[in-house]
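K.L.:
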Amino acid sequence: MSDVVATERVESPKPRGVILRLPHRLTHRYAKWLASHPIINGLLTATFLIASAIVSICFSDLPSFDDPAKEFITIGTPMAAKLYQLKALQQNTLSLPTKKYGQSRVARSSMVEDRIKFCFELPGSFMRFLRILPRDFYSILLIDQGSDELWSRFESMSKVVVRLHAGKGRINDTFLTVPGAVESVCRLQTRFEALPGYKQLCSKASLTDANSACCPIWSLANFIASITNKTSCHQITERDVKRVRDLYETCKMSFLSGALKRTCWDETAPSRWLCPEVPVRCFVHPHLLLLLAIALPPPHNHNHLNGSRGWNATLLVLPLWKRVGLKLWHLASLDRPQTLTNLTRNLTPSLAIEAIELGVYGELAGRYVAWDSVWLALGAACLALLLLLLTRGSVVVVGATFLALGWSLILAYGLYARLLRLPTFPLLNMMGIVLLLGLGADDILLFYQIWVSMHLQNDHSGSRATDEGEGDEKMTRLRLRTRQIALTLLHAVPSVCLTSLSTLGGLLVSLNSAIVAVKRFSVYASLTVVCHVVYVLAVMPTLLLLFVPPHRRRCYHIFRPLYPPHFRLANFFVIKARFAFPVLLLSVIITSAYLLFHAGWLTFPSGSLQPAFYRSAHPAEVYRIRGGEFSWAEYTLRSHRGLISLYIVWGVQPHDPRNHWTWTPYDDEGVVPQPLWSASFNLTAPESLSWLSTFCSKITRMPHSFALPSIPPRMSFLEKDTLLSLQNYGCVFGRGMFSFGDYNESTPVCYHDTAACLNNFAETSSSPTGIRFSLETMRTIGLVISVTANFSLSNTTFSAIQEFTQQVETWFSNLLATAPNGLAGGFLVSPELTAFEPYQDVLKFLPLSLGLSVSLAALLILISTLNLPLAITALMSVIASLLLSCLLLVLLGDWTLGIVEALILSLSAGLAVDPCIHLALAIIRSGGSQGVSWKQRCQRALETVGWAVAGAALSTAIAGFAVLPSQLRCYQQMGLFLLILMTSALLLCGIAFVGSVACIPDKCIVTC
1 MSDVVATERV
11 ESPKPRGVIL
21 RLPHRLTHRY
31 AKWLASHPII
41 NGLLTATFLI
51 ASAIVSICFS
61 DLPSFDDPAK
71 EFITIGTPMA
81 AKLYQLKALQ
91 QNTLSLPTKK
101 YGQSRVARSS
111 MVEDRIKFCF
121 ELPGSFMRFL
131 RILPRDFYSI
141 LLIDQGSDEL
151 WSRFESMSKV
161 VVRLHAGKGR
171 INDTFLTVPG
181 AVESVCRLQT
191 RFEALPGYKQ
201 LCSKASLTDA
211 NSACCPIWSL
221 ANFIASITNK
231 TSCHQITERD
241 VKRVRDLYET
251 CKMSFLSGAL
261 KRTCWDETAP
271 SRWLCPEVPV
281 RCFVHPHLLL
291 LLAIALPPPH
301 NHNHLNGSRG
311 WNATLLVLPL
321 WKRVGLKLWH
331 LASLDRPQTL
341 TNLTRNLTPS
351 LAIEAIELGV
361 YGELAGRYVA
371 WDSVWLALGA
381 ACLALLLLLL
391 TRGSVVVVGA
401 TFLALGWSLI
411 LAYGLYARLL
421 RLPTFPLLNM
431 MGIVLLLGLG
441 ADDILLFYQI
451 WVSMHLQNDH
461 SGSRATDEGE
471 GDEKMTRLRL
481 RTRQIALTLL
491 HAVPSVCLTS
501 LSTLGGLLVS
511 LNSAIVAVKR
521 FSVYASLTVV
531 CHVVYVLAVM
541 PTLLLLFVPP
551 HRRRCYHIFR
561 PLYPPHFRLA
571 NFFVIKARFA
581 FPVLLLSVII
591 TSAYLLFHAG
601 WLTFPSGSLQ
611 PAFYRSAHPA
621 EVYRIRGGEF
631 SWAEYTLRSH
641 RGLISLYIVW
651 GVQPHDPRNH
661 WTWTPYDDEG
671 VVPQPLWSAS
681 FNLTAPESLS
691 WLSTFCSKIT
701 RMPHSFALPS
711 IPPRMSFLEK
721 DTLLSLQNYG
731 CVFGRGMFSF
741 GDYNESTPVC
751 YHDTAACLNN
761 FAETSSSPTG
771 IRFSLETMRT
781 IGLVISVTAN
791 FSLSNTTFSA
801 IQEFTQQVET
811 WFSNLLATAP
821 NGLAGGFLVS
831 PELTAFEPYQ
841 DVLKFLPLSL
851 GLSVSLAALL
861 ILISTLNLPL
871 AITALMSVIA
881 SLLLSCLLLV
891 LLGDWTLGIV
901 EALILSLSAG
911 LAVDPCIHLA
921 LAIIRSGGSQ
931 GVSWKQRCQR
941 ALETVGWAVA
951 GAALSTAIAG
961 FAVLPSQLRC
971 YQQMGLFLLI
981 LMTSALLLCG
991 IAFVGSVACI
1001 PDKCIVTC
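1 is the number of the first residue of the sequence shown in UniProt numbering; add one for each residue after it.
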């Protein structure tokens, strides 16, 4: 054991003198009691652990993870308060001043989808094609393309993206040019139809006959079969494919330009008269429209159409409602790569399943919590092996470590669920398991190394005491054990408490966030850290005293070659290469800061603002992010569904009474929000109506009002008039026909009673007026004007959304500044921008969290060492470690400033400072006398706790590395974070910190 630590005897020449000089006499008394009654203390400790664990297990329910996205909302922010009051106004008022229309909050039936058939008959406008179509294909969707019902069905069904593997040097290959590609698609869809559970879950051709066949898949192969008058896609020949390819090349530009559309087949006139600019060949079959819509690449990928790249992806739309798609994941085991491989096996040419949208996106999270337990177990196994190496085969220490992990997690969950009574357990909380798995061994390993170092002192002191004949041998042994425990506690407890406090600081600063999931993760993770500290302080002294003997020789011959020969490498770094480390720290800080912030490598995510829950290669994640790249229909649908709706609200004041700690996702669905009425609202005043008329005339000047940057109106199934109806401003108080001004001038009742005029106008108007009426008095108590901006969230960036939001808010604020008192309390809100607000919250709380964490880390070192140069050096090391870790995460993990990433980064300072705290305390205490230089102190500190610091960092990094293959993205991100952060912390906050301290002038040794 002599190669672990051999320097503490320099500090303490006599054991009795050490105890007398202890600043905390309670430590000596506690150590004496432990040494005198180890069995009793062990029984008390075991009773406490068992009883607390049983209570936590018996009185807590297992958490459920149905849709983790529900808890990624903000509460208490200005936008949340406005949106809450908008919902409150709509659900506590009427749109018409009569009760016979019912309240606006009538629940929509959840059974509507059950009455909608995926297969339905041909519309009347297509009846002339019945004689040429096979009867088996009547059930294929031939609904009017201008109908929104088509889009609702397309959106509600499950989808699979299939990619064609192009041959070497044939990048322009497509499904219509490669021989056998369409046949491979046909065989693939047949295999899908044979999956376990598919026939039970699919949408049937008959709603009354449970044994009827499933509706056909919307696919390239089925549409070609329909166009070529075949009863099955297996009957398609290469001649049929060539015919459809010619039609595709002839008609694709007419389709994209909007010339080829549903109205070309109206019975009022021949198609060539209705659409004269379209080639006559394109009227051969209406299914050509569906083929172009579903199989055609999106309009922005014109390079696919012009032949510069191959169109090698197509979409299969399965007759499965998304609400039952999760069952197929379970029954068919689509999570397993082997299942997807079997579906595409022996297809020539080969195909690959690239993306899947089957079920609601977040529903798979609960399934993967159980699946990824395998990787957590692997991480635990790696941690156990490393601990065996570091403790020379001590099974006791390994067992104590895993007992600490299990007990801390169980007790923390019991406190979280029963004591604090938090109603939900977000998926984000599961990152606490990975975090504790990585950090759980650090404090125990430190206790162990300091404990075995005290054995050496006891060996030397005990032999001298025996030779000199000092008292009874039993009393001498008790005194030596008391001294050993006291010194262990004196050295280990401050380090354990300070490192745990730094980790807690990094967690608790996340309470600044307004996001529900982030706050609850902060609470649960903090509870696990506190429980772990309690375990270490309560259990480890007794456990080491009882089960770690002074002379451990078991397995020593196996593990001894793994230990370094008395830290010669450390001596080289500290003494000879020490002047390189300050330069290294400054270089890392300057280079990383420049690349991250000035060069813009660290950015916010683009595209979908929804947090990612699965690894980037997961089929569901691929479709969520890139689904619009594979199909014209999906691109168009996302563009229109992503349009931002703006609501201008009067009658209520922004207020959000919800609480982060009591809110549940079901509150927004089942609880009617309570409005906070505005006492100053007055719509009947003449000045209010006059200003409102002017406001409605200026509303067309709103930013992005008429410009169409992303949605050309003639490039969608939603024809121009439908697109304009989406742009209905709902502001009927402007000037023009059917406006309130026109009604006011032509209705006698308006001459003497404005309130009655508004009531009558709301009842007789053919379009919604936006006026809200009281449930009891039918009096006008609110006004809502809706605007749809031509700005889509489907494919945008954080900066673009931020710029749009600022422009709209500035435009509205300038208009509202001129409003009379009765309308001065209006506000602007958008439900679509609620997904953007968590990122604004990240922008606010992340800098504050990092600043507080770094400051706390430096302050802890300053308080514990009372040495300013040492604290400044630690601060520089922590900053360098954070910046380097962030840079590596961006380079290796493609990290952006998402919600989960920001939360993890807020922990970085509290974790990175741990090596600095251990080493700084060891440096200060390794002096003995004032004549010891910084170089000697650093060398002794490395010999005292260096191996424990390195082992702790390695154990955390290995635990993080083990969970990298997880399907859950939060596990993967936390694992990568721990791996990179602990590696950089070991290098910069460990080796570079000690080397930089060795460069400090010796005159700064005196405490500052």
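All C-beta atoms in this analysis are idealised placements derived from N, C-alpha and C, irrespective of residue type, glycine included.
May I have a chain-ordered list of the alpha helix (DSSP H) segments no shorter than 4 residues that lie completely inside the region 793-827?
P.N.:
798-816
K.L.:
Going by alpha carbons, who is nearest to Phe579 out of Leu609, Ala998, Leu386 and Ala819?
P.N.:
Working through the sequence shown from its first residue, we reach residue 579 at position 579. Phe579 has its Cα closest to that of Ala998, out of Leu609, Ala998, Leu386 and Ala819.
K.L.:
Where DSSP assigns a beta bridge to Gly782, which residues make up the other side?
P.N.:
Sequence index remark: in the sequence shown, residue 782 carries index 782 (1-based). Answer is Arg772.
K.L.:
Could you check whether Leu546 and Gly42 sit closer than 9 angstroms to each other, using their CB atoms as the reference points?
P.N.:
The residue labelled residue 42 in the question sits at position 42 within the sequence shown. The residue labelled residue 546 in the question sits at position 546 within the sequence shown. Their beta carbons are under 9 angstroms apart, which means Gly42 touches Leu546 by this criterion.
K.L.:
My guess is that Arg969 and Arg624 are in contact by the Cβ rule of under 8 angstroms, so how many angstroms apart are they, rounded?
P.N.:
Against the sequence shown, residue 969 aligns to sequence position 969. Against the sequence shown, residue 624 aligns to sequence position 624. The pair is not a contact, with the Cβ atoms about 11 angstroms apart (cut-off 8 angstroms).
K.L.:
Would you check if there are 3 or more beta carbon pairs closer than 8 angstroms linking the region 476-489 to the region 510-530?
P.N.:
no
K.L.:
Can you tell me the Cα-Cα spacing of Thr956 and Tyr448, whole angstroms?
P.N.:
On the sequence shown, residue 956 is found 956 positions in, with the first residue counted as 1. On the sequence shown, residue 448 is found 448 positions in, with the first residue counted as 1. Going by the C-alpha atoms only, they are around 17 angstroms apart.
K.L.:
Considering only DSSP beta bridges, list what Thr788 is partnered with.
P.N.:
Position 788 of the sequence shown, counted from the start, is the residue given in the question as residue 788. Paired residues: Ser645.
K.L.:
Exposed or buried, Ser996, counting other C-beta atoms within 10 Å across all chains shown (16 or more means buried)?
P.N.:
Taking the sequence shown and counting its residues from 1, the one referred to as residue 996 is at position 996. Answer is buried; the Cβ neighbour count reaches 16.
K.L.:
How is the alpha helix (DSSP H) around Ile217 delimited, first residue to last?
P.N.:
Indexing the sequence shown from 1 puts residue 217 at position 217. Looking at the DSSP string, Ile217 is not in any alpha helix (DSSP H), and its letter there is neither H nor E.
K.L.:
Please tell me whether Ala941 and Ala922 are closer than 9 angstroms, where the distance is taken between their beta carbons.
P.N.:
Reading the sequence shown from its first residue, position 941 is the one you call residue 941. Reading the sequence shown from its first residue, position 922 is the one you call residue 922. Yes, they are a contact pair.
K.L.:
Please tell me whether residue 1009 and Leu195 are closer than 9 angstroms, where the distance is taken between their beta carbons.
P.N.:
Within the shown structure, residues of the chain are numbered from 1 to 1008, placing residue 1009 beyond reach of any answer.
K.L.:
Exposed or buried, Tyr413, counting other C-beta atoms within 10 Å across all chains shown (16 or more means buried)?
P.N.:
Residue 413 sits at position 413 when you count from the first residue of the sequence shown. Buried, by the Cβ-count rule.
K.L.:
Pick out whichever of Pro216, Arg323, Ile75 and Val160 has its Cα sitting closest to the Cα of Trp663.
P.N.:
What you label residue 663 is simply residue 663 of the sequence shown in a count that begins at 1. Nearest option by C-alpha distance: Ile75.
K.L.:
Assuming the contact rule is C-beta atoms closer than 8 angstroms, Ala912 and Ser881 should be a hit. Round their C-beta distance to whole Å, please.
P.N.:
Residue 912 sits at position 912 when you count from the first residue of the sequence shown. Residue 881 sits at position 881 when you count from the first residue of the sequence shown. Yes, they are in contact, since the Cβ atoms of Ala912 and Ser881 sit about 4 angstroms apart, within 8 angstroms.
K.L.:
In this structure, does DSSP put Gly995 in helix, strand or coil?
P.N.:
What you label residue 995 is simply residue 995 of the sequence shown in a count that begins at 1. Three-state result, Gly995: helix.
K.L.:
Within the same chain, show all residues whose beta-carbon is closer than 7 angstroms to that of Gly362, passing over the 5 residues directly before and after it, in chain order.
P.N.:
Taking the sequence shown and counting its residues from 1, one reaches residue 362 at position 362. Closer than 7 angstroms at Cβ, skipping near neighbours: Asp67, Pro68, Ala69 and Phe613.
K.L.:
Would you decide whether Ala81 is buried or exposed? Buried here means 16 or more other CB atoms lie within 10 Å of its CB.
P.N.:
Here residue 81 refers to the residue found at position 81 when the sequence shown is read from its first residue. When all chains shown are included, Ala81 counts as buried.
K.L.:
Just to confirm the assignment, what range does the beta strand (DSSP E) spanning Glu354 have?
P.N.:
Along the sequence shown, one-based indexing puts residue 354 at 354. For Glu354, the enclosing beta strand (DSSP E) starts and ends at Leu351 to Glu357.
K.L.:
Have a look at Gly366, Phe695 and Ile353 and flag the residue whose alpha-carbon is nearest the alpha-carbon of Thr818.
P.N.:
In the sequence shown, residue 818 corresponds to position 818, counting from 1. Nearest C-alpha to Thr818: Phe695.
K.L.:
Grab the span of the alpha helix (DSSP H) containing Val890 for me, first residue to last.
P.N.:
Working through the sequence shown from its first residue, we reach residue 890 at position 890. Start and end: Leu868 to Gly893.
K.L.:
Is the beta carbon of Leu405 sitting closer than 9 angstroms to the one on Leu437?
P.N.:
Along the sequence shown, read from residue 1 onward, the residue named residue 405 stands at position 405. Along the sequence shown, read from residue 1 onward, the residue named residue 437 stands at position 437. Yes. Within cutoff.
K.L.:
Only counting the same chain, and skipping five residues up and downstream in sequence, which positions put a Cβ closer than 7 angstroms to that of Ile644?
P.N.:
In the sequence shown, residue 644 corresponds to position 644, counting from 1. Only Ala789, Phe791, Leu793, Ser830, Glu832 and Leu833 meet the Cβ criterion.
K.L.:
For Ile590, count neighbouring C-beta atoms within 10 Å of its own C-beta (all shown protein chains included) and say buried if the count is 16 or more, exposed if not.
P.N.:
The residue labelled residue 590 in the question sits at position 590 within the sequence shown. Per the 10 Å Cβ criterion, exposed.
K.L.:
Let me make sure I understand the geometry here. Which of Leu507, Ala370, Tyr666 and Leu870 has the alpha-carbon closest to that of Phe845?
P.N.:
On the sequence shown, residue 845 is found 845 positions in, with the first residue counted as 1. The shortest C-alpha separation from Phe845 is found at Leu507.
K.L.:
Excluding the 5 residues flanking Ser885 on each side, which residues of the same chain have their C-beta closer than 7 angstroms to its C-beta?
P.N.:
Residue 885 sits at position 885 when you count from the first residue of the sequence shown. Only Ser908, Ile980, Leu981 and Ser984 meet the Cβ criterion.
K.L.:
Less than 6 angstroms between C-beta atoms, sequence neighbours within five positions excluded: which residues of the same chain meet that for Leu543?
P.N.:
What you label residue 543 is simply residue 543 of the sequence shown in a count that begins at 1. So the qualifying residues of the chain are Ala400.
K.L.:
State the Cα-Cα distance for the pair Val161 and Ala355, rounded to the nearest angstrom.
P.N.:
Stepping through the sequence shown from its first residue, residue 161 is reached at position 161. Stepping through the sequence shown from its first residue, residue 355 is reached at position 355. Whole-angstrom Cα-Cα distance: 5 angstroms.
K.L.:
Just the C-alpha distance for Trp811 and Leu892, rounded to the nearest angstrom, thanks.
P.N.:
For this step, residue 811 is matched to residue 811 along the sequence shown. For this step, residue 892 is matched to residue 892 along the sequence shown. Rounded to whole angstroms, Trp811 to Leu892 spans 42 angstroms at the Cα level.
K.L.:
Could you say if the region 631-644 and the region 82-91 meet the contact criterion of at least three C-beta pairs nearer than 8 angstroms?
P.N.:
By the Cβ test, the region 631-644 is not in contact with the region 82-91, since fewer than three Cβ pairs between them sit closer than 8 angstroms.
K.L.:
Looking at Val949: is its Cβ nearer than 9 angstroms to the Cβ of Leu988?
P.N.:
Along the sequence shown, read from residue 1 onward, the residue named residue 949 stands at position 949. Along the sequence shown, read from residue 1 onward, the residue named residue 988 stands at position 988. No, these two residues do not count as a Cβ contact at 9 angstroms.
K.L.:
Grab me the residues of Pro564's own chain with a C-beta within less than 7 angstroms of its C-beta, minus the 5 sequence neighbours each way, in chain order.
P.N.:
If you number the sequence shown from 1, residue 564 lands on position 564. With a pLDDT of only 47 at Pro564, under the threshold of 50, the placement of this residue in the model should not be trusted, and no figure is reported.
K.L.:
Residue range of the alpha helix (DSSP H) that Leu692 falls in?
P.N.:
On the sequence shown, residue 692 is found 692 positions in, with the first residue counted as 1. From DSSP, the alpha helix (DSSP H) with Leu692 extends over Pro686 to Lys698.
K.L.:
Take the Cβ of Lys576 as the centre, count every other Cβ of all protein chains shown within 10 Å, and call the residue buried at 16 or more, exposed below.
P.N.:
As a position in the sequence shown, residue 576 is number 576, starting the count at 1. Looking at its Cβ environment, which holds fewer than 16 other Cβ atoms inside 10 Å, Lys576 is exposed.
K.L.:
Is DSSP giving Thr98 helix, strand or coil here?
P.N.:
Translated into the one-based positions of the sequence shown, residue 98 becomes position 98. In the structure shown, Thr98 falls within a coil segment according to DSSP collapsed to helix, strand and coil.
K.L.:
Counting along the chain, where does the alpha helix (DSSP H) carrying residue 1047 start and finish?
P.N.:
This structure does not reach residue 1047, given that the chain is present from 1 up to 1008, and the question cannot be answered.
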